[in-house]
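Protein chains in written order, with the working numbering: chain A, 1 to 418; chain B, 1001 to 1418; chain C, 2001 to 2418; chain D, 3001 to 3418. Note that beta-carbon positions come from the ideal geometry of N, C-alpha and C, so glycine has one too. Note sheet for the following structure.
4 protein chains.
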Amino acid sequence: MTIFDELESEVRSYCRSWPVVFDSALGSRLTDVDGNSYLDFFAGAGALNYGHNPPALKQPLIDYLRRDGVTHGLDTHTAAKAEFLRAFREIVLEPRGLDYKVQFPGPTGANAVESALKLARKITGREAVINFTNAFHGMTLGALSVTGNSMKRGGAGIPLVHATPMPYDNYFDGTVPDFLWFERVLNDQGSSLNDPAAVIVETVQGEGGINPARVEWLQGLAELCKRHGILLIVDDVQMGIGRTGPFFSFEIADIQPDIVCLSKSISGYGLPMALVLMKREHDRWDAGEHNGTFRGNNPAFVTATAALREYWTDDVLEKETLAKGERIEEHLDRLAATTPELTLTPKGRGLARGLAFSRPELAGKACAAAFERGLLMETAGPCDEVMKLMPPLTMTEDELDEGLAIVTDAVHCVAAGA
Amino acid sequence: MTIFDELESEVRSYCRSWPVVFDSALGSRLTDVDGNSYLDFFAGAGALNYGHNPPALKQPLIDYLRRDGVTHGLDTHTAAKAEFLRAFREIVLEPRGLDYKVQFPGPTGANAVESALKLARKITGREAVINFTNAFHGMTLGALSVTGNSMKRGGAGIPLVHATPMPYDNYFDGTVPDFLWFERVLNDQGSSLNDPAAVIVETVQGEGGINPARVEWLQGLAELCKRHGILLIVDDVQMGIGRTGPFFSFEIADIQPDIVCLSKSISGYGLPMALVLMKREHDRWDAGEHNGTFRGNNPAFVTATAALREYWTDDVLEKETLAKGERIEEHLDRLAATTPELTLTPKGRGLARGLAFSRPELAGKACAAAFERGLLMETAGPCDEVMKLMPPLTMTEDELDEGLAIVTDAVHCVAAGA
Amino acid sequence: MTIFDELESEVRSYCRSWPVVFDSALGSRLTDVDGNSYLDFFAGAGALNYGHNPPALKQPLIDYLRRDGVTHGLDTHTAAKAEFLRAFREIVLEPRGLDYKVQFPGPTGANAVESALKLARKITGREAVINFTNAFHGMTLGALSVTGNSMKRGGAGIPLVHATPMPYDNYFDGTVPDFLWFERVLNDQGSSLNDPAAVIVETVQGEGGINPARVEWLQGLAELCKRHGILLIVDDVQMGIGRTGPFFSFEIADIQPDIVCLSKSISGYGLPMALVLMKREHDRWDAGEHNGTFRGNNPAFVTATAALREYWTDDVLEKETLAKGERIEEHLDRLAATTPELTLTPKGRGLARGLAFSRPELAGKACAAAFERGLLMETAGPCDEVMKLMPPLTMTEDELDEGLAIVTDAVHCVAAGA
Amino acid sequence: MTIFDELESEVRSYCRSWPVVFDSALGSRLTDVDGNSYLDFFAGAGALNYGHNPPALKQPLIDYLRRDGVTHGLDTHTAAKAEFLRAFREIVLEPRGLDYKVQFPGPTGANAVESALKLARKITGREAVINFTNAFHGMTLGALSVTGNSMKRGGAGIPLVHATPMPYDNYFDGTVPDFLWFERVLNDQGSSLNDPAAVIVETVQGEGGINPARVEWLQGLAELCKRHGILLIVDDVQMGIGRTGPFFSFEIADIQPDIVCLSKSISGYGLPMALVLMKREHDRWDAGEHNGTFRGNNPAFVTATAALREYWTDDVLEKETLAKGERIEEHLDRLAATTPELTLTPKGRGLARGLAFSRPELAGKACAAAFERGLLMETAGPCDEVMKLMPPLTMTEDELDEGLAIVTDAVHCVAAGA
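Dropping the structure here:
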């Protein structure tokens, strides 16, 4: 019996799929305590877009620690935060013409979502919010109330109310006009829909099964929100910071959300950090109205700043991400075409990719087969029916090909057994 | 206009009291970008019980980073987590005869509280919970619903329901028997109190104004919970990890809570980390029922392990904490006695100390005067009427005396102006 | 200034459309204190299906009062209740093969709806319910939470939660398959729809604008509920007791709802009375779990019994209702055809009829014009865009023609002014 | 098997205590179908303050029905309503200097409570309300949320939130100052009490066990509400209309509640009717914001008017009520004094009287023994520990003595068996 079995709660989950003890990691590979190496198509569920322990960030981090830079700063002013804010303004906001204020809401994506919902309710004076089918926004009560998964919702132990689900893009496979139901109930004074403060949306649903919303759908949503005085919150926790190519996933739709949630890869080093961006006129917070002990995780500010300087001062990473994404797409298309008996559906955008199985249980089997071959992958989707391919954006082409070959092997293996 | 004024949200608060830019920190002192030094009676709101960047933790942290130990691990097994769990079992649980399972609920205290409430509701099948007047448990919706402060509650933007407040110890200055109201409504089938799943309590209220509950009150609460089949959750986020002397603040009452929340100083280095401890029989979680990206902040596990080994293998720190606490108590008693015109009330336990002003606005003024003299302090209490003294447990006696002298100066200064 | 203006709350509404003081009423006519007579196309909002003070009910009522029969009986056994139950079993339930238990939930439709929702939640252990767009179920909090109208919902003063709206039949004018959205979110474990205890539905929406659901839609709904273990509640408060032809409005669909709410015309004399019918296996109430002072309004039981015996022992009333309904339909079709400039849409079933105006404000004007001509009508629909024709079922053909002529006049008058 | 056993829901309750079939009733006596007579110490749970079928009301009612007066009027103006309003103004409001507007909220006490809560929330813009331990306000969701009984609350099937209980008068047997807890949490910005829109209170709790609040407590409550901008709602549904002596039960405290709920005996004949009274400045309703089919139960208006004219144009009834109340009090005091082994506690005000048993189960047995002797009584209180004496106010002294003799017999019988 390991220390984990003995002492750690039954709530643990990833370790059940990958029953090894990881020790070190670099770039796109992890090594376990027995020296075995694993290629990473998982990237910390999107928190490691630049791979593990990227040297360009590691050195500034160690330097900062070595010189006793402030570690824990709450929301005091620190030199490290100032540097991050300047870099964020210069590298991220200004080139994109975005006039956002920045909030440090606590170090997790759920903190960002909770803050965003509070702020939207304060601004509008309304309680209700709209979320989408198969959304994932986090596990704290506010974030969970806009999350789709029924098992996770059940964990709340109280009825989750105040949010009403609307169909995400393509929920009816294109057979129903976009926003037909949503706009109808908004316009109908008898629909019984409580007036919503905000819509919260992921541009590509990750946990929901790697579902990319079309550009025109996102634009339609932004227009609908504007028409009805509803705030648009983009939860870019998983799909932001380059996962789909551009820094913000919504850039391709040329929209400016009222509020944006960022976390996961924002620190670039897997360190807890999150941001809420809000249009300047929406910064209606009172001082201290939302707080939290770990808002000022300064080592994360240091790596976040280094990451912006390393990866976002030109468009190299974005282009490579798109190119690698296409490489995966082509590979998955071929795979689907050559295993028609499995009716596989490739989907995704940038380096957020999925392979949906018509027989859901096979996706998990394929991930297990991949793990046996040294590749880390997890499933996604409401029935865990999607193999999720989320490699570090910085993965080399050779590693990518190596991983894709394993995916093919794993799928074939499953096909043989199916 | 600084970058903070320009770009950071109005929600920021500590920086308004201390309008400098901190750069580095060591032990009990911070240094700003202009080279000014500040003595710390604040300790990261309890997250820095061992002071800033303690060398005994710093070296293992830098070593771990340098050797590319896994940084971000979600809830996979890692060598760093195994080592932490072993140390926690050996140094914390076993010597105290505690048979707790350990959950990593996400890296903040609010994550721990949200998990604890979910678990209590799942175990009991009830929705209602009991909190106490002037409680503080966090800013996410579940944690906020059991928090007392009306301004912070108002930030929710929806009615916070499911929790009913009960009077904390000494709420009526000893004029009413303990638990008179609480037990009466529990026993009365017509009281309209919804059956509670759990009681959540701090043994010493920090944000609520440094209010220590008496040992017999805590014991009475534990017995009352047992009698009525209510789970007892101790939120030891701020008062645990030695703040009041022993590792767990509830040890002095010789009680074993059903669920314990830990965070803040658990990593020892100001890095985001939190734990939920639950009695073995209460580990009713399903795999993945609660999750979160930053549960596996492995650098924090490394420093947490080093901190346990450094500070908790003997009782030196505990004894010193108690001794320093008495030193503060004596000082504050003298101060109160010599400034009768202010009607000051010292209070607290261990190194969680407060000085309550009968004229609330003076507490803030005294903190400001202390800051002018190079000492960091914040206020607490529903009217911000308490100067809060929470130095690192590792502060030297000289530093402590230096700080106390400033407190005296600051109070005198306020007394003169009052 | 009248006593009403002086003393009655601003909440009053019908009296604003008909600013006269009614004094007496018989059959399909009311008379005001000045002796003016009004033809009734309103029928007490469906509470007077047999017209005003029907002689066949009046005599038993007066006899009962004269002989000092028990008036107020709570839920004691009374001779009058026994007689009603026997008649209800013999005349209503047995011939239709319905094995329902009968609850007297309090004297209003809202009491019936509140009871039905409680019972469904108790049986299933779930909190959520499904209602339909433009539903109307009552004004108490439980009933209001499943009601569509935003003004009335706003009156609650608290967020109305626990109910999720689904599109009623024809909500998209037939362009979307029935239950596409509803069944999709039920089947999708990631939809974020809380599992519903029950669906509550009107077979024809009255307040919602006289919207009849098609037989196949009602059947589809019943099947969907069965498939998903959801209880089907038919709110037959307004459309039951013969309003659409048969005693229960759902008979045409050959379905057996799990729970049925009846009120309005059940007493037959405009006296407050309501019933909840539940399948025998669903009678999971504990004694006294729902109560209320006026559950045993025995004079209403007397008239209810007399009404069953007078009108429901053969199929004459049902056939006449259908015939009169067709007469109205033909008339309205002609009217719409001859006033194409108004784009009128006739709709309805049995003697629940409506005439929808494409320019909503004209419906109210037409009702006002009808009132000037001595005909009582009200509007319905989310924009008050429908003239509602709900005459007593017992109205003579001559009266019906008289009323329809006035409707035509009123519409022409509005057309001329439009 | 009777028709009731076969067909009526298990929810029925009074009939279980009194397993006979009542047929007729007059004054203070009911007669069952076998000709047995029962003296009534129950009075329709307070709905029959003038006894059964009082002749002075019966004749106007029959006359009204015979002349085909409007029966069902919704909220149209009717002659019967005008007459009622005039009588209510002249006989009730003006002599007491009360400037209330009158709302007809639907025919039950729960309708009145639901309306009162809606209105209070609208006026204040707050959601929370305060209720008292052992309160009873009704069974619809809004009314149930302010009701104390846990079995009835459980019937809701959803968590009942938005209301916080406070201790009713004497909840701690006089050992704690009035409003100590209530005022403390209102004044404490950290108490976690949501700001209340209103307090709802019964001046004497009926279902809660015949608990009269002292005059000074009621005055203290009114002052506390005023001080904190909280609306005071008196639910006078059971204790109004003379039950405790004066027309309004709160008259003895010389207070003017912001909102008053009336129902039960307002019609005087056991017919469903209810009123909400609100201070003129509080009539903030929009037209139609709260409605309901049976608001205009005109036969009830007729008997209500007759009752006001018969019983309230002088102070005879009030004085007799007080005298009879004292007669009961003396009798119960003697009974308690002569059966010390039962530790009986008489309590009450006017003709709302109770006899509390220290061994709760004996109260039910005594009521059963009373029923065997031809007297109708029910229990009250959270443990059904109180025999409730609520005779018609119009009961003769001989009948009262007859009933009290039976009570004595029944108690002795129970004492013998105990």
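Just list the residues that DSSP pairs residue i with in beta bridges.
{"i": "C/Gln-2103", "result": "C/Val-2276"}
{"i": "A/Phe-22", "result": "A/Asp-32 and B/Thr-1078"}
{"i": "D/Ala-3356", "result": "D/Thr-3345 and D/Val-3386"}
{"i": "D/Glu-3008", "result": "C/Val-2102"}
{"i": "A/Leu-232", "result": "A/Val-199"}
{"i": "B/Val-1260", "result": "B/Val-1234 and B/Leu-1277"}
{"i": "D/Leu-3375", "result": "D/Leu-3039"}
{"i": "D/His-2996", "result": "Since the first and last residues shown for chain D are 3001 and 3418, residue 2996 of chain D lies out of range."}
{"i": "A/Thr-164", "result": "A/Ile-130"}
{"i": "D/Val-3204", "result": "D/Pro-3212"}
{"i": "D/Asn-3297", "result": "D/His-3072"}
{"i": "D/Ala-3380", "result": "D/Val-3386"}
Since residue i and residue j should fall inside the 8 Å C-beta cutoff, what is the C-beta to C-beta distance between them, to a whole number of angstroms?
{"i": "A/His-77", "j": "B/Val-1011", "result": "Rounded, the Cβ-Cβ distance is 14 Å, inconsistent with contact."}
{"i": "C/Gly-2270", "j": "C/Lys-2081", "result": "At roughly 19 Å, the Cβ-Cβ gap does not stay under 8 Å, so C/Gly-2270 and C/Lys-2081 are not in contact."}
{"i": "C/Gly-2209", "j": "C/Gly-2350", "result": "C/Gly-2209 to C/Gly-2350, Cβ: 16 Å. No contact."}
{"i": "D/Asn-3419", "j": "D/Val-3113", "result": "Here chain D has residues from 3001 to 3418 only, and residue 3419 of chain D is not among them."}
{"i": "D/His-3290", "j": "D/Ser-3115", "result": "5 Å"}
{"i": "C/Pro-2360", "j": "C/Tyr-2050", "result": "That pair is no contact at about 32 Å."}
{"i": "C/Gly-2069", "j": "D/Asp-3314", "result": "About 31 Å; that fails the 8 Å criterion."}
{"i": "A/Gly-417", "j": "A/Val-386", "result": "The pair is not a contact, with the Cβ atoms about 19 Å apart (cut-off 8 Å)."}
When you compare the CB positions of residue i and residue j, do they come within less than 9 Å of one another, or not?
{"i": "C/Phe-2084", "j": "C/Val-2302", "result": "yes"}
{"i": "A/Gly-206", "j": "A/Lys-388", "result": "yes"}
{"i": "A/Ala-307", "j": "A/Gly-46", "result": "no"}
{"i": "D/Phe-3104", "j": "D/Met-3377", "result": "no"}
Of all the residues that make up the segment 144-162 of chain A, which are near chain C by a beta-carbon distance shorter than 8 Å?
Val-146, Thr-147, Gly-148, Asn-149, Ser-150, Met-151, Arg-153, Pro-159, Leu-160, Val-161 and His-162: these are the residues of the segment 144-162 of chain A whose beta carbon lies less than 8 Å from some beta carbon of chain C, given in chain order.
Under 8 Å, with one C-beta from each stretch per pair, do the segment 3390-3401 of chain D and the segment 3316-3327 of chain D reach the 3-pair mark?
Two segments are said to touch when three or more pairs of C-beta atoms, one from each, lie closer than 8 Å; by this definition the segment 3390-3401 of chain D touches the segment 3316-3327 of chain D.
Give the residues from the segment 1057-1074 of chain B that approach chain A closer than 7 Å (Cβ to any Cβ), ordered along the chain.
The segment 1057-1074 of chain B vs chain A, Cβ under 7 Å: Lys-1058, Leu-1061, Ile-1062, Leu-1065, Arg-1066, Arg-1067, Asp-1068, Gly-1069, Val-1070, Thr-1071, His-1072, Gly-1073 and Leu-1074.
Selection of the segment 3300-3321 of chain D by Cβ proximity to chain C, strictly under 9 Å:
Ala-3300
Is the segment 125-144 of chain A touching the segment 2168-2181 of chain C in the sense that three or more CB pairs, one from each, lie closer than 8 Å?
no
Check whether the segment 3047-3065 of chain D and the segment 2032-2051 of chain C touch, using three or more Cβ-Cβ pairs below 8 Å as the test.
no
Quick one, which residues of the segment 1176-1208 of chain B are near chain D if we go by CB-CB under 8 Å, in chain order?
Val-1176, Leu-1180, Trp-1181, Arg-1184, Val-1185, Asp-1188, Gln-1189, Gly-1190, Ser-1191, Ser-1192, Leu-1193, Asn-1194, Asp-1195 and Gly-1208
Listed in chain order, which residues of the segment 1385-1401 of chain B have Cβ atoms closer than 7 Å to some Cβ of chain D?
Taking 7 Å as the Cβ-Cβ cut-off against chain D, none of the residues of the segment 1385-1401 of chain B qualify.
Cβ contact check for the segment 2246-2260 of chain C and the segment 2212-2219 of chain C: 3 or more pairs under 8 Å
The segment 2246-2260 of chain C is in contact with the segment 2212-2219 of chain C.
Touching or not, the segment 3186-3199 of chain D and the segment 3225-3244 of chain D, by the rule of three or more beta carbon pairs under 8 Å?
yes
If you measure beta-carbon to beta-carbon, which residues of the segment 1364-1386 of chain B are closer than 8 Å to chain D?
Of all residues in the segment 1364-1386 of chain B, only Gly-1381, Pro-1382 and Cys-1383 come within less than 8 Å of chain D when Cβ atoms are compared, listed by chain position.
Using a Cβ cut-off of 7 Å, which residues of the segment 2114-2133 of chain C contact any Cβ in chain D, in chain order?
Glu-2114, Lys-2118, Arg-2121, Lys-2122 and Glu-2127
Residues of the segment 342-365 of chain A whose Cβ lies closer than 7 Å to any Cβ of chain B, in chain order
none
Quick one, which residues of the segment 3017-3034 of chain D are near chain C if we go by CB-CB under 8 Å, in chain order?
Hits within the stretch, in order: Trp-3018, Pro-3019, Val-3020, Val-3021, Phe-3022, Asp-3023, Ser-3024, Ala-3025, Leu-3026, Leu-3030 and Val-3033.
Taking one C-beta from the segment 3357-3375 of chain D and one from the segment 3183-3192 of chain D each time, how about it: are there three or more such pairs within less than 8 Å?
Under the Cβ criterion (8 Å, minimum of three pairs), the segment 3357-3375 of chain D does not count as touching the segment 3183-3192 of chain D.
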